[in-house]
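Student:
2 protein chains.
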Amino acid sequence: MNASRPDAVQAGAEAIARCRRLLEPALREAVSVLHPSGARMAGFALGWSDVDGRPFAGDGGKHLRPAIAMLSAEAVGAPPESALPGAVAVELVHAFSLVHDDIMDLDERRRHRQTLWRAYGAGPALLAGDAMLALAVDRLAGTGVPMAYLSRALVELVQGQTLDLAFENRPWSGPGEVTVQEYEEMAAGKTGSLLGAAAATGVALGGAPELAERAWEMGREFGVAFQIYDDILGIWGDPAITGKPVHGDLRRGKKTLPIIAALSAGGTAARELAVVVGAAATDEEAVRQAARLVEEAGGRQAALDLSARRARGAMKMMAEFLPGDTALRDVCGALIDRIR
Amino acid sequence: MNASRPDAVQAGAEAIARCRRLLEPALREAVSVLHPSGARMAGFALGWSDVDGRPFAGDGGKHLRPAIAMLSAEAVGAPPESALPGAVAVELVHAFSLVHDDIMDLDERRRHRQTLWRAYGAGPALLAGDAMLALAVDRLAGTGVPMAYLSRALVELVQGQTLDLAFENRPWSGPGEVTVQEYEEMAAGKTGSLLGAAAATGVALGGAPELAERAWEMGREFGVAFQIYDDILGIWGDPAITGKPVHGDLRRGKKTLPIIAALSAGGTAARELAVVVGAAATDEEAVRQAARLVEEAGGRQAALDLSARRARGAMKMMAEFLPGDTALRDVCGALIDRIR
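Going line by line, the protein sequences match chains A and W. Whatever position you read off the first sequence (first residue = 1), add 8 for the numbering used here. Whatever position you read off the second sequence (first residue = 1), add 8 for the numbering used here.
1. Since Gly210/W and Ala34/W should fall inside the 8 Å C-beta cutoff, what is the C-beta to C-beta distance between them, to a whole number of angstroms?
2. Look at the alpha carbon of Ala311/W and the alpha carbon of Val98/W, and state the distance between them as a whole number of angstroms.
3. So, is Gly332/W buried or exposed, given that buried needs 16 or more other C-beta atoms within 10 angstroms?
4. Could you tell me if Asp172/A is buried or exposed, where buried requires 16 or more neighbouring beta carbons within 10 angstroms of its beta carbon?
5. On the CB-based measure, 16 or more other CB atoms within 10 Å of its CB, does Val41/W come out buried or exposed?
6. Could you tell me which residues DSSP puts in a beta bridge with Arg117/A?
7. Which whole-angstrom value is the C-beta distance of Ile76/A and Ala207/A, which I expect to be below 8 Å?
8. With a threshold of 8 Å, are at least 3 pairs of Cβ atoms found where one atom belongs to the stretch 237 to 246 of chain W and the other to the stretch 178 to 186 of chain W?
9. Along the chain, which unbroken stretches of the alpha helix (DSSP H) at least 4 residues long are found entirely within the stretch 263 to 287 of chain W?
10. Can you round the beta-carbon distance between Ile236/W and Leu265/W to whole angstroms, since I take them to be within the 8 Å contact cut?
11. Can you tell me whether Arg228/A is buried or exposed, with buried defined as 16 or more other CB within 10 angstroms of its CB?
12. Does any residue of chain A bring its CB to less than 9 Å from the CB of Ser159/W?
13. By alpha-carbon positions, which one of Ala47/A, Ala83/A, Arg62/A ends up nearest to Gly214/A?
14. Exposed or buried, what is Gly274/A when buried is set at 16 or more other beta-carbons lying within 10 Å of its beta-carbon?
15. State whether the stretch 149 to 168 of chain A contacts the stretch 144 to 164 of chain W, with contact taken as three or more CB pairs (one from each stretch) at a distance under 8 Å.
16. Measure the CB-CB distance between Asp138/A and Phe175/A and report whether it falls below 9 Å.
17. Taking the continuous alpha helix (DSSP H) assigned at Thr250/A, which residues delimit it?
18. Check whether the Cβ of Pro132/A lies closer than 9 Å to any Cβ atom in chain W.
19. Using a Cβ-Cβ cut-off of 9 Å, state whether Leu162/A counts as contacting chain W.
20. Determine the chain W residues that contact Val166/A at a beta-carbon separation under 7 Å, and present them in chain order.
21. Do three or more CB pairs link the stretch 108 to 122 of chain W to the stretch 117 to 136 of chain A at distances below 8 Å?
22. Are Leu336/W and Met326/W closer than 9 Å when you measure CB to CB?
23. Work out the CA separation of Gly85/A and Gly168/A for me, nearest whole Å.
24. How long is the line joining the alpha carbons of Thr290/W and Asp239/W, rounded to whole angstroms?
25. One question on the structure: do Thr170/W and Ser181/A come within less than 9 Å of each other, judged by their Cβ atoms?
26. Who are the neighbours of Ala174/W on chain A, taking C-beta pairs under 7 Å?
27. Determine whether the Cβ of Gln189/W lies closer than 9 Å to any Cβ atom of chain A.
28. Since Pro63/A sits in a beta bridge, which residues does DSSP pair it with?
29. So for Lys324/A, helix, strand or coil by DSSP?
30. When you compare the CB of Ala25/A with every CB in chain W, is at least one pair closer than 9 Å?
31. Which residue's Cα is closest to the Cα of Ala322/A: Val302/A, Leu258/A, Gly204/A, Gly286/A?
32. Go ahead and pull the three-state DSSP assignment for Ile347/W.
33. If I follow the unbroken alpha helix (DSSP H) through Thr290/A, where does it start and stop?
34. Can you give me the C-alpha to C-alpha distance between Pro93/A and Leu54/A, rounded to a whole angstrom?
35. In whole angstroms, what is the alpha-carbon distance linking Glu293/W and Pro179/W?
36. Relative to the alpha-carbon of Gly66/W, which residue among Ala91/W, Arg118/W, Ala16/W has its alpha-carbon at the smallest distance?
Okay, here's the thing in structure tokens:
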């Protein structure tokens, strides 16, 4: 199934660029109320300034969540600007979650730069994360339905993070191993919830709150698809594009879907993989071997299949409640076409 | 001026105990949605379980903020239970802020126990703080006015924390020194905002949203008074009561009001104090000497006077918009009577 129109990739890229131009001034305005030190750190985390507060033109992230919020409003017939408070809120929550994640995981690099805590210290970074979360809530506090979905996403987000953290103490295989179902629950919280909130706040701010619940479900479905795809990139992605080290997730012993699926597949490669990851070696050879065994045991293909299935499910939902050729469909379709 | 009725201390203590009995089941219910590991950490932070999740009957804090929320509802003629969502929310935000504060300050002890990060690790504690904040927002997300005040408090809270953190890099005296006015701005954010939100959500949930703004102002005024009083306890408080080490704030070089006031007082003691704190010695003798010089330069008295003045201001506001003998007045009056 080809999810998108022939010119969808180009149309999707243009729609994202258009949303980004609307977003940036609103995001800057939201952050401007902070104390200068907090504003500088937020500017670094949101990608428009370097560590000294000077303009930075590098990779500030895709801004996918705010685009989904604005294009969801557009899909229900409203101007994309009507969803700006929601777009700003979800981008701030996304940035908050990355900043706190990097502190928890002690990750030192993100988007080809230092992480916020490496650049400014863990205490200030923790607080800057809190500040971005507070500003996000403040952006929607006066709204009814949009605030309800943002809040739901926050609770699910921390639940997903907690599950992810709890996975670290679980065995790789045997009794107590992490199942694909548990992984999907974690991904729905960690990644799905905020994409759900983006779509739900978008349609609600666009004047169609009655579609918010279905938009929420659709966004969560996309989120699971994207998280699984991100897991694939976390093992086999090109560092020049991802901005993260090759085989990074394997080296850190993260229980991502390709490995979970590979370990549960049975067979020689799965059993060998269990021995390799169980030994927790982080040298280059062991990590390369693990990546090969995950692939051999079918983990990569299983992840691709599951990601594509969840993405198609989301596109089907969208077709039902937001029929027609919308920029939202182009953007999501183009993203899905990458999963192969 | 004696702020309270003759039997106010007893009546205030009873009112706090009554609110606490209402609060605990609601707080437990809010936390019960968390993943077991998050719930265990929240139970530790909120004071009802020990590090292994077993019941803990020790000092779980005064629960002053939720009491103010519930008694504010009562003061406008509603049952105190009507303010429970606000009471739960402000207590959760308070707990969140202490958990993140202790991580930032690397504090190891609170309320005669380990701090959360010491007990469970910094990463899990950071996330448990985020979870409590998410639950707090979720508790009020469906409300209009109460949510608006909670959100305002969150933004002011992180601003206050940011100022407090920025004070650490400022000189003790001379150009760039922290002024009493800057301190008051920090305290209004760090402590005042959440007491403001407690009172504002209380009257709003109690059916008098038109009083919310005045309740917010009153609560903030109290908050500044309490923060200054807390600063006094942070230097001269009895560790058996405060649960913190004696002279703790002096040893850590915190720029609290007694020191700021002492340094700006002029005279021999102030000049000597500037030399002592400038040397940043943390040995027992230096710290004892600093405490003596703060007192000699009039810092302790200035702090008491300022705290009492702000508290009287708050009581005056309360008398204007919530006249009569209310339990709220008893509680606040009794707290103020301690400031002497």
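From the three backbone atoms N, C-alpha and C, an ideal C-beta is built for every residue, glycine too. Here the structure is a predicted model, which means the values were calculated and not measured.
Tutor: Reading from the atomic positions:
1. As a first step, residue 210/W must be located in the second sequence, where it is residue number 202. As a first step, residue 34/W must be located in the second sequence, where it is residue number 26. Incorrect: roughly 14 Å between the Cβ atoms, too far for contact.
2. For the purposes of this step, residue 311/W is taken as residue 303 along the second sequence, with counting starting at 1. For the purposes of this step, residue 98/W is taken as residue 90 along the second sequence, with counting starting at 1. Using only the alpha carbons, I get a separation of about 26 Å.
3. Working through the second sequence from its first residue, we reach residue 332/W at position 324. Label assigned to Gly332/W: exposed.
4. The residue given as residue 172/A occupies position 164 in the first sequence. Buried is the call here.
5. As a working mapping, residue 41/W is identified with position 33 in the second sequence. So Val41/W ends up on the exposed side.
6. Against the first sequence, residue 117/A aligns to sequence position 109. Bridge partners of Arg117/A: Gln122/A.
7. On the first sequence, residue 76/A is found 68 positions in, with the first residue counted as 1. On the first sequence, residue 207/A is found 199 positions in, with the first residue counted as 1. Indeed they touch by this definition, with Cβ atoms about 6 Å apart.
8. no
9. 265 to 271, 276 to 287
10. Here residue 236/W refers to the residue found at position 228 when the second sequence is read from its first residue. Here residue 265/W refers to the residue found at position 257 when the second sequence is read from its first residue. About 5 Å separates the two Cβ atoms, so the contact holds.
11. As a first step, residue 228/A must be located in the first sequence, where it is residue number 220. Buried.
12. As a working note, residue 159/W is residue 151 in the second sequence. Yes, its Cβ sits closer than 9 Å to a Cβ of chain A.
13. As a first step, residue 214/A must be located in the first sequence, where it is residue number 206. Nearest C-alpha to Gly214/A: Ala83/A.
14. Here residue 274/A is taken as the residue at index 266 of the first sequence, counted from 1. Looking at its Cβ environment, which holds fewer than 16 other Cβ atoms inside 10 Å, Gly274/A is exposed.
15. yes
16. One-based indexing of the first sequence puts residue 138/A at position 130. One-based indexing of the first sequence puts residue 175/A at position 167. No, these two residues do not count as a Cβ contact at 9 Å.
17. By 1-based counting over the first sequence, the position of residue 250/A is 242. Per DSSP, Thr250/A belongs to the alpha helix (DSSP H) from 247 to 250.
18. Within the first sequence, numbered from 1, the residue matching residue 132/A stands at position 124. Closer than 9 Å to some Cβ of chain W, the Cβ of Pro132/A qualifies, so yes.
19. To locate residue 162/A, count along the first sequence from 1; it is residue 154. Chain W, which has a Cβ nearer than 9 Å to the Cβ of Leu162/A, makes this yes.
20. Here the question's residue 166/A lines up with position 158 in the first sequence. What Val166/A touches in chain W: Leu135, Asp138, Ala139, Ala142.
21. yes
22. Here residue 336/W refers to the residue found at position 328 when the second sequence is read from its first residue. Here residue 326/W refers to the residue found at position 318 when the second sequence is read from its first residue. Cβ distance < 9 Å, so Leu336/W and Met326/W count as in contact.
23. One-based indexing of the first sequence puts residue 168/A at position 160. One-based indexing of the first sequence puts residue 85/A at position 77. For Gly168/A and Gly85/A, the distance between alpha carbons rounds to 33 Å.
24. Working through the second sequence from its first residue, we reach residue 290/W at position 282. Working through the second sequence from its first residue, we reach residue 239/W at position 231. If you take the alpha carbons of Thr290/W and Asp239/W, they lie about 18 Å apart.
25. Position 162 of the second sequence, counted from the start, is the residue given in the question as residue 170/W. Position 173 of the first sequence, counted from the start, is the residue given in the question as residue 181/A. Not a contact, by the Cβ cut-off of 9 Å.
26. On the second sequence, residue 174/W is found 166 positions in, with the first residue counted as 1. By Cβ distance, chain A contributes His43, Ser45.
27. Your numbering for residue 189/W matches position 181 in the second sequence. Judged by the 9 Å Cβ criterion, Gln189/W is not in contact with chain A.
28. For this step, residue 63/A is matched to residue 55 along the first sequence. BP columns for Pro63/A point to Ser57/A.
29. One-based indexing of the first sequence puts residue 324/A at position 316. Lys324/A falls in the helix class under three-state DSSP.
30. For the purposes of this step, residue 25/A is taken as the residue at position 17 of the first sequence. No, Ala25/A lies away from the interface with chain W (no Cβ there is under 9 Å from its Cβ).
31. Position 314 of the first sequence, counted from the first residue, corresponds to residue 322/A. Checked all of Val302/A, Leu258/A, Gly204/A, Gly286/A; the closest Cα to Ala322/A is Gly204/A.
32. For the purposes of this step, residue 347/W is identified with residue 339 of the second sequence, where counting begins at 1. Looking at Ile347/W - three-state DSSP - the assignment turns out to be coil, as it is neither helix nor strand.
33. As a first step, residue 290/A must be located in the first sequence, where it is residue number 282. Looking at the DSSP string, Thr290/A is not in any alpha helix (DSSP H), and its letter there is neither H nor E.
34. Position 85 of the first sequence, counted from the first residue, corresponds to residue 93/A. Position 46 of the first sequence, counted from the first residue, corresponds to residue 54/A. Using only the alpha carbons, I get a separation of about 16 Å.
35. Taking the first residue of the second sequence as position 1, residue 293/W is located at position 285. Taking the first residue of the second sequence as position 1, residue 179/W is located at position 171. About 22 Å.
36. In the second sequence, the residue the question calls residue 66/W occupies position 58. That would be Arg118/W, whose Cα lies nearest to the Cα of Gly66/W.
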